[in-house]
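Working notes, beginning with the structure itself.
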Amino acid sequence: MSALYDIVDQELGQPTLTAARTVADEIRRRHGPAVAAVVFYGSCLRRRTDQGVLDFYVLVDNYRAVFASRVLAVLNAVLPPNVLYLEVGDEPHTLRAKYAVISMRDFVSGASARSVHAIIWARFCQPARLVYSRDQASRSRVVGACAEAVLTLVGRMAALLPARFQTAELWQRGFRETYRTELRAEQPGTVQALYRSAVERYSQVAEHALSELRDRGQLVRVVPEPGQAAKGNDDDRLIRKRSAFPFEWQVTISDRQRRRLRWDWKVRRALAKGRYALWLLKSGLTFDDWLPYVAWKISRHAGFAWQPTDRQRRHPFLLGGPAILRLLVRRHLR
């Protein structure tokens, strides 16, 4: 195993929120032995809080074992993942979660540079926690996929950047590019905050990823450079002073390889946007029990509580949708 694999393995195994384990237990209760692994990631992990919607990926053996509906299983196989919503417990201590269902095979494939879309590698090049794995084989596949996700982002972005770049530029360019494939226009501050949430970690995995890509022959030469202390703000300079990892790199890629990788990314980015648009349309049909999630969003952003009735939850499009539209017309939502 590589040094990068070992780092990711250790990271995935770190302690996490009790709430995340509670939700993972409920997910396993819902879907049974077909669940091979549950991975916790996203904003609640970064902020170390359960006051929000917790995000998970649920890796399964096959879709038919999870969904009673053949249609849902087929849609999940054609355009993975399917996203479901879950609430655990009662107010005022309700835990809310979104979880994406994907087969282990599709998860591993989506983390690699061969994937058309960036849905998997864009998320799992970032910190995550493996809150459940059925066995060591499942754990090893998740760790390997997350390590490959780091390699995919670093390899693709190294080809888009100038020969000399800083670690911050590498990751922030990666986040911006992958947001674009998901039709999301995030503000620069959002991208910077995402990087700054784990600067030391991103520097460490970038160092090992660049070295591994060089050993694979994808990069010709990788040389850590002394960062220029004049660049960045006071926090950046303090982090650099304390860090054991390089913050600037000189990376050599053959001209032919660079041109190929840049063209490949343009093509894949266009294809990914189209795929993501189709996925969003599909999600409108497969997002299980979405009305309570919308109700929670309304309560959070509009400043007042709105709870759907049991009838609205049973018929979300017929009864829930019109109720939301009435709120919009009354300008309760922003």
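Under the numbering used here, the sequence shown has 78 at position 77, and the numbering climbs by one with no breaks. Think of the CB as a built atom: it goes at the ideal place given N, C-alpha and C, for glycine as much as any other residue. Note that the structure is predicted; figures quoted are calculated from it, not measured.
Where residue i falls: helix, strand or coil (DSSP)
i, result
"Arg64", "Reading off the sequence shown, one finds Tyr at residue 64, where the question assumed Arg. It is coil, neither helix nor strand."
"Arg257", "helix"
"Ala231", "Confidence in Ala231 is poor, its pLDDT being 37 and thus under 50, which makes the residue's placement unreliable; the coordinate value appears in the next sentence. Coil."
"Val54", "strand"
"Pro189", "helix"
"Gln11", "helix"
"Pro34", "helix"
"Ala69", "coil"
"Glu27", "helix"
"Glu149", "helix"
"Arg181", "helix"
"Val75", "helix"
"Ser116", "coil"
"Thr17", "coil"
"Ser3", "coil"
"Leu220", "coil"
"Ser198", "coil"
"Arg205", "What sits at residue 205 in the sequence shown is Gln, not Arg. Of the three classes helix, strand and coil, the one that applies to Gln205 here is helix, per DSSP."
Beta-carbon gap between residue i and residue j smaller than 7 Å
i, j, result
"Val24", "Val89", "yes"
"Gln173", "Val192", "yes"
"Val223", "Arg217", "no"
"Leu5", "Glu213", "yes"
"Val75", "His32", "no"
"Ala148", "Phe108", "no"
"Ala210", "Val155", "yes"
"Ala129", "Tyr42", "yes"
"Gln221", "Ser198", "Residue 221 is actually Val in this sequence, not Gln. Cβ atoms of Val221 and Ser198: not closer than 7 Å."
"Arg269", "Val59", "no"
"Ala119", "Ala273", "yes"
"Arg263", "Ala123", "no"
"Leu80", "Ala98", "no"
"Val102", "Pro82", "yes"
Beta-ladder partner(s) of residue i, from DSSP
i, result
"Val39", "Val59, Tyr133"
"Trp250", "Phe166, Pro225"
"Asn83", "Val102"
Which listed residue (the options) has its alpha carbon closest to that of residue i
i, options, result
"Ile121", "Val223, Pro128, Ser110", "Ser110"
"Thr182", "Val79, Ala271, Arg48, Asp10", "Ala271"
"Pro189", "Arg177, Gln127, Ala199", "Arg177"
"Lys36", "Arg197, Tyr86, Leu195, Ser139", "Reading off the sequence shown, one finds Val at residue 36, where the question assumed Lys. The option with the nearest alpha carbon to Val36 is Ser139."
"Phe166", "Ser204, Ala114, Ala74", "Ser204"
"Tyr133", "Gln127, Ser116, Val144, Ala123", "Val144"
"Val84", "Asp91, Leu73, His94, Leu18", "Leu73"
"Met2", "Lys274, Ser141, Asp256, Gly156", "Ser141"
"Ala21", "Arg269, Asp56, Ala273, Trp264", "Asp56"
"Glu208", "Met158, Pro82, Phe248, Leu195", "Phe248"
"Asp62", "Glu201, Val9, Arg135", "Arg135"
"Arg202", "Asp26, Val40, Arg47, Ala38", "Arg47"
"Tyr100", "Thr153, Pro93, Val40", "Val40"
"Ala194", "Ala119, Tyr86, Gln127", "Gln127"
"Val9", "Trp264, Val206, Arg260", "Val206"
"Ala164", "Gln258, Val200, Val102, Phe125", "Gln258"
"Ala114", "Asp265, Gly275, Lys283", "Asp265"
"Asp51", "Pro34, Thr19, Glu27", "Thr19"
"Lys283", "Ala78, Gln251, Glu170, Gln11", "Ala78"
"Ser44", "Leu171, Phe125, Ile28, Arg65", "Phe125"
Below-7 Å beta-carbon distance, residue i vs any chain B residue
i, result
"Thr50", "The structure shown contains no chain B; it is built from a single protein chain."
heavy atom of the ligand HEM below 6 Å from residue i C-beta
i, result
"Asn77", "As far as ligands go, the structure on display features none, and thus does not contain the ligand HEM."
### Message
Could you tell me which whole beta strand (DSSP E) segments of length 3 or greater appear in the stretch 85-114?
### Response
96-104
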